[in-house]
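Trainee:
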Amino acid sequence: MKYKALLFGSIGTLIESSNIQRNSFNQAFKEAGLDWYWDEQDYKILLKKSGGTKRVEDFAEKNNVNINAEKIRNRKTEIFSSFISQNKQELRKSVDKIIKFTKKNNIKLGFATSTTINNVDAVFESLIGQISKNNFDFIGNKSMVRNEKPNPDIYNVAIKSLNLLPGECLAIEDTEESSKSAVNAGIKCIGFPGNYHLDDNFNMCLKKMSILDETIFSL
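Take 245 as the starting number for the sequence shown in this note's numbering and just add one per residue.
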């Protein structure tokens, strides 16, 4: 086998989360007394930059509003975590099949996310009966890194933890911005776009796929 590890890079590679994230931001804005509302088109544009705090900061600057972006982002994360932990989610199509393939072929499995521990826990809680933390040889979170994506930090932590070289790993990312994190770490990447990123090119990736299959391990 060409690769020794498959690294899912973001929550959105496991579940379709963009609309839940958007709604969570809008709820956080409402609670903060802001009359902001991000519709789908707004959010698609904002997603071209990684990091929720940065998106809020940029939006506030554009609208000449002085706010605590980190506080709003943290509240959004609480809303998001609460929603997905209380509402069962479905694995994205083909994810279960590819995870079973890794287990059958002795390929290590990682979750190279730099989101919060609460979000990570909520994702696995929402997927009970489909996958569990025990399926993964490495699970990342925000506390492990200084710099969030598109910086390569979390991938560097992942490959060190797995005791592998960058070239022995293959990443799966759902956005172009997050794909840069894997590529910047020297890891080849498959673009697996979510609903809000279907029109993105993923030029830095080996391939853009709507359905994952075992052919990715020979790319």
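C-beta atoms are modelled at their ideal positions from N, C-alpha and C, and glycine is treated no differently.
1. At which residues does the beta strand (DSSP E) containing V352 begin and terminate?
2. How big is the Cα-Cα spacing for R299 and K293?
3. Measuring CB to CB, does G435 end up less than 9 Å from D443?
4. Name the DSSP bridge partner or partners of C413?
5. Out of N308, I259 and G354, state which residue places its alpha-carbon closest to the alpha-carbon of N407.
6. Between which two residues does the beta strand (DSSP E) carrying L434 extend?
7. Along the alpha helix (DSSP H) that carries E260, what are the first and last residues, could you check?
8. Could you give the residue range of the alpha helix (DSSP H) that holds K393?
9. Thinking just about the alpha-carbon of each residue, which of Y440, I416, K404 and L409 is nearest to the one in M448?
10. For I460, collect the residues of the same chain with a Cβ closer than 6 Å to its Cβ; drop the 5 residues on either side in sequence, then sort them by chain order.
11. Return the Cβ separation of K386 and T360 in integer angstroms, given the expectation that the two are a contact with Cβ distance under 8 Å.
12. Since A313 is in the alpha helix (DSSP H), which residue starts that stretch and which ends it?
13. What's the call for K246, buried or exposed, on a 16-neighbour Cβ count within 10 Å?
14. Decide yes or no for the touch test of the region 281 to 289 against the region 418 to 433: beta carbon pairs closer than 8 Å, at least 3 of them.
15. K292 lies in the alpha helix (DSSP H); which residues open and close that run?
16. To the nearest angstrom, report how far apart N400 and I342 are at their CA atoms.
17. On a CA-only basis, which of G295, T297, F368 and E314 is nearest N331? Give me that one, please.
18. Which of the three DSSP states is assigned to K337 in this structure?
19. Decide yes or no for the touch test of the region 250 to 257 against the region 302 to 314: beta carbon pairs closer than 8 Å, at least 3 of them.
Mentor: A quick look at the data gives this:
1. Residue numbering aside, residue 352 sits at position 108 when the sequence shown is read from its first letter. Looking at the sequence provided, one finds Lys at residue 352 rather than Val. K352 to F355 is the extent of the beta strand (DSSP E) around K352.
2. In the sequence shown, residue 299 corresponds to position 55, counting from 1. In the sequence shown, residue 293 corresponds to position 49, counting from 1. Distance between the alpha carbons of R299 and K293: 7 Å.
3. Taking the sequence shown and counting its residues from 1, one reaches residue 435 at position 191. Taking the sequence shown and counting its residues from 1, one reaches residue 443 at position 199. Remark: C-beta atoms of G435 and D443 do not approach each other more closely than 9 Å.
4. Counting from 1 along the sequence shown, the entry for residue 413 is found at position 169. According to DSSP, C413 bridges with A249.
5. In the sequence shown, counting from the first residue as 1, residue 407 sits at position 163. Looking at the Cα atoms, G354 is the closest of the given residues.
6. The residue labelled residue 434 in the question sits at position 190 within the sequence shown. As written in the sequence, residue 434 is Ile, which differs from the Leu given in the question. K432 to G435 is the extent of the beta strand (DSSP E) around I434.
7. What you label residue 260 is simply residue 16 of the sequence shown in a count that begins at 1. Per DSSP, E260 belongs to no alpha helix (DSSP H) and is neither H nor E.
8. For the purposes of this step, residue 393 is taken as the residue at position 149 of the sequence shown. If you look at K393, you'll find it isn't in any alpha helix (DSSP H); DSSP assigns it neither H nor E.
9. Position 204 of the sequence shown, counted from the first residue, corresponds to residue 448. Nearest of Y440, I416, K404 and L409 to M448, Cα basis: I416.
10. Residue 460 sits at position 216 when you count from the first residue of the sequence shown. For I460, same chain residues with a beta-carbon under 6 Å away, outside a window of 5 residues either side, are I434 in chain order.
11. Position 142 of the sequence shown, counting from 1, holds the residue named residue 386. Position 116 of the sequence shown, counting from 1, holds the residue named residue 360. Yes, they are in contact, since the Cβ atoms of K386 and T360 sit about 5 Å apart, within 8 Å.
12. Locating residue 313 in the sequence shown gives position 69, counting from the first residue. That run of the alpha helix (DSSP H) goes A313 to Q330.
13. Counted from its first residue, the sequence shown places residue 246 at position 2. Its Cβ having fewer than 16 others within 10 Å, K246 is exposed.
14. Taking a cut-off of 8 Å for Cβ pairs, the region 281 to 289 and the region 418 to 433 do not touch, as fewer than three such pairs fall below it.
15. Stepping through the sequence shown from its first residue, residue 292 is reached at position 48. Looking at the DSSP string, K292 is not in any alpha helix (DSSP H), and its letter there is neither H nor E.
16. Indexing the sequence shown from 1 puts residue 400 at position 156. Indexing the sequence shown from 1 puts residue 342 at position 98. When rounded, the distance between both Cα atoms is 23 Å.
17. Indexing the sequence shown from 1 puts residue 331 at position 87. Nearest option by C-alpha distance: F368.
18. Reading the sequence shown from its first residue, position 93 is the one you call residue 337. Look at K337 here: in three-state DSSP terms it is coil, with no helix or strand label.
19. For the pair of segments examined, the region 250 to 257 was found not to touch the region 302 to 314: the number of CB pairs separated by less than 8 Å stays below three.
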